[in-house]
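K.L.:
Numbering (this note's numbering), first residue to last: -1 to 253.
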Ligand SMILES: NC(=O)c1ccc[n+]([C@@H]2O[C@H](COP(=O)([O-])OP(=O)(O)OC[C@H]3O[C@@H](n4cnc5c(N)ncnc54)[C@H](O)[C@@H]3O)[C@@H](O)[C@H]2O)c1
């Protein structure tokens, strides 16, 4: 029996990178997947590929920074698809301006990053809370190495703050919802080759090499490296796991 049979899983940012890989992996394990992305065309591509492989997928355009839109999406899924039992809060962005850069630029980075990486997680979790409670569901939040540290390679304080917040939110909800059987965990990816870092990979090989040199497994990650841990945290294999973060970083944080 596939590990996620009879589950309906919502995945944000499913048009690219880690979200697309998780959606594809969940569908392969028997989940019906509901894909959201601000880029509706990209989410539709993921859904088409899943359906072509025999899986069940629907895709919708959604900006998770828009709270009302998140609630409307949850109502639409409840009416037309069914009871969501897995939520993956994956959509996120980063910027690489130092805090000492031009002040309006840094303020814009702060607003945009917190709005998506932190408030987006809040919006989707609150919007889908009722079905997740009813289903004794599972929430998987995508954190980062930066849920623990600020990288010396250029990165914004806002991103580090947002990913610390994602881990704090994960622990708070795990504590509040555990008695109801809802499990809440996070994944902490290291340097995973996706669109989020395409520019830096193309223009700054020294930065990528610095990551690799610091990583015990001696390589960058691929989006597929996240899939196994994401299936584990959504499935009954992790029935006694909540409030945790599974680092998928090649050992980066151990050094
Ligand atoms: N790639 C890495 O090295 C890495 C490392 C640690 C954490 N992460 C985290 O993983 C998550 C996924 O990132 P990725 O690497 O796959 O990046 P990505 O850029 O490939 O994918 C992000 C997706 O989110 C979507 N998105 C952006 N704004 C949105 C919004 N307002 N509403 C809905 N969707 C929106 C984008 O359209 C895109 O499809 C992010 O939370 C990121 O912070 C990535």
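Where a beta carbon is used, it is the ideal one built from N, C-alpha and C, also for glycine.
Does the beta-carbon of residue 147, which I'm using as the reference point, lie nearer than 6 Å to any heavy atom of ligand 1?
P.N.:
The count along the chain shown starts at 1 and reaches residue 147 at position 149. Not so, every heavy atom of ligand 1 lies at least 6 Å from the Cβ.
K.L.:
Is it true that the stretch 16 to 26 meets the stretch 218 to 229, where meeting means three or more beta-carbon pairs spaced less than 8 Å apart?
P.N.:
Yes: at least three Cβ pairs fall under 8 Å.
K.L.:
Leaving out five residues on either side along the sequence, give the residues of the same chain with a beta carbon under 8 Å from the beta carbon of residue 217.
P.N.:
The residue you call residue 217 lines up with position 219 of the chain shown. Taken in chain order, the residues that qualify are 210, 248.
K.L.:
Thinking C-beta only, is residue 241 closer than 7 Å to residue 172?
P.N.:
Here residue 172 refers to the residue found at position 174 of the chain shown. Here residue 241 refers to the residue found at position 243 of the chain shown. For residue 172 and residue 241, yes; Cβs fall inside 7 Å.
K.L.:
In terms of residue numbering, what span does the alpha helix (DSSP H) encompassing residue 247 cover?
P.N.:
Reading the chain shown from its first residue, position 249 is the one you call residue 247. For residue 247, there is no enclosing alpha helix (DSSP H), as DSSP gives it neither H nor E.
K.L.:
Going along the chain, which unbroken runs of the alpha helix (DSSP H) with 4 or more residues stay wholly within the stretch 126 to 209?
P.N.:
127 to 132, 155 to 175, 196 to 201
K.L.:
Using only CA atoms, which one of 213, 28, 163 lies nearest to residue 51?
P.N.:
Numbered from 1 along the chain shown, position 53 holds the residue referred to as residue 51. For residue 51, the closest C-alpha among the options 213, 28, 163 is that of 28.
K.L.:
Is it right to say residue 107 is buried, meaning 16 or more other beta carbons lie within 10 angstroms of its own, or is it exposed?
P.N.:
Residue mapping note: residue 107 aligns to position 109 of the chain shown, counting from 1. When all chains shown are included, residue 107 counts as buried.
K.L.:
Can you give the Cα-Cα distance for residue 204 and residue 183, rounded to whole angstroms?
P.N.:
As a working note, residue 204 is residue 206 in the chain shown. As a working note, residue 183 is residue 185 in the chain shown. Taking the straight line from one Cα to the other gives about 33 Å.
K.L.:
Just how far apart, CA to CA, sit residue 202 and residue 79?
P.N.:
Counting from 1 along the chain shown, the entry for residue 202 is found at position 204. Counting from 1 along the chain shown, the entry for residue 79 is found at position 81. CA-CA distance, residue 202 to residue 79, rounds to 44 Å.
K.L.:
Give me the DSSP bridge partner(s) of residue 219.
P.N.:
The residue labelled residue 219 in the question sits at position 221 within the chain shown. Note: residue 219 sits in a beta bridge opposite 190.
K.L.:
Less than 7 Å between the beta carbons of residue 142 and residue 169, yes or no?
P.N.:
Here the question's residue 142 lines up with position 144 in the chain shown. Here the question's residue 169 lines up with position 171 in the chain shown. Their beta carbons are not under 7 Å apart, which means residue 142 does not touch residue 169 by this criterion.
K.L.:
Rounded to a whole number of angstroms, what is the C-alpha to C-alpha distance between residue 75 and residue 31?
P.N.:
Residue numbering aside, residue 75 sits at position 77 when the chain shown is read from its first letter. Residue numbering aside, residue 31 sits at position 33 when the chain shown is read from its first letter. Spanning the two alpha carbons is a distance of roughly 11 Å.
K.L.:
Please list the terminal residues of the continuous beta strand (DSSP E) segment that includes residue 33.
P.N.:
For the purposes of this step, residue 33 is taken as residue 35 along the chain shown, with counting starting at 1. From DSSP, the beta strand (DSSP E) with residue 33 extends over 30 to 35.
K.L.:
Quick check on residue 253: buried or exposed, where buried means 16 or more other Cβ atoms within 10 Å of its Cβ?
P.N.:
Residue mapping note: residue 253 aligns to position 255 of the chain shown, counting from 1. Residue 253 is exposed by the Cβ-count criterion.
K.L.:
What alpha helix (DSSP H) runs, 4 residues minimum, are completely inside the stretch 58 to 106?
P.N.:
You should have 65 to 78.
K.L.:
Between residue 194 and ligand 1, is the CB less than 6 Å from at least one heavy atom?
P.N.:
Position 196 of the chain shown, counted from the start, is the residue given in the question as residue 194. Yes, the Cβ of residue 194 comes within 6 Å of a heavy atom of ligand 1.
K.L.:
Cα separation between residue 124 and residue 193?
P.N.:
On the chain shown, position 126 is the one that residue 124 refers to. On the chain shown, position 195 is the one that residue 193 refers to. When rounded, the distance between both Cα atoms is 28 Å.
K.L.:
By the DSSP assignment, the alpha helix (DSSP H) with residue 224 in it spans what residues?
P.N.:
Taking the chain shown and counting its residues from 1, one reaches residue 224 at position 226. Neither: residue 224 is in no alpha helix (DSSP H) and is coded neither H nor E.
K.L.:
Can you give the beta carbon distance from residue 131 to residue 180, rounded, assuming they're within the 8 Å contact cut?
P.N.:
Counted from its first residue, the chain shown places residue 131 at position 133. Counted from its first residue, the chain shown places residue 180 at position 182. That belief holds up - the Cβ atoms of residue 131 and residue 180 are roughly 6 Å apart, short of 8 Å.
K.L.:
From residue 56 to residue 14, what distance separates their C-alpha atoms?
P.N.:
As a working mapping, residue 56 is identified with position 58 in the chain shown. As a working mapping, residue 14 is identified with position 16 in the chain shown. Roughly 15 Å between the two C-alpha positions.
K.L.:
Check the DSSP bridge columns for residue 8 and list the partner residues they point to.
P.N.:
The residue you call residue 8 lines up with position 10 of the chain shown. Bridge partners of residue 8: 32, 85.
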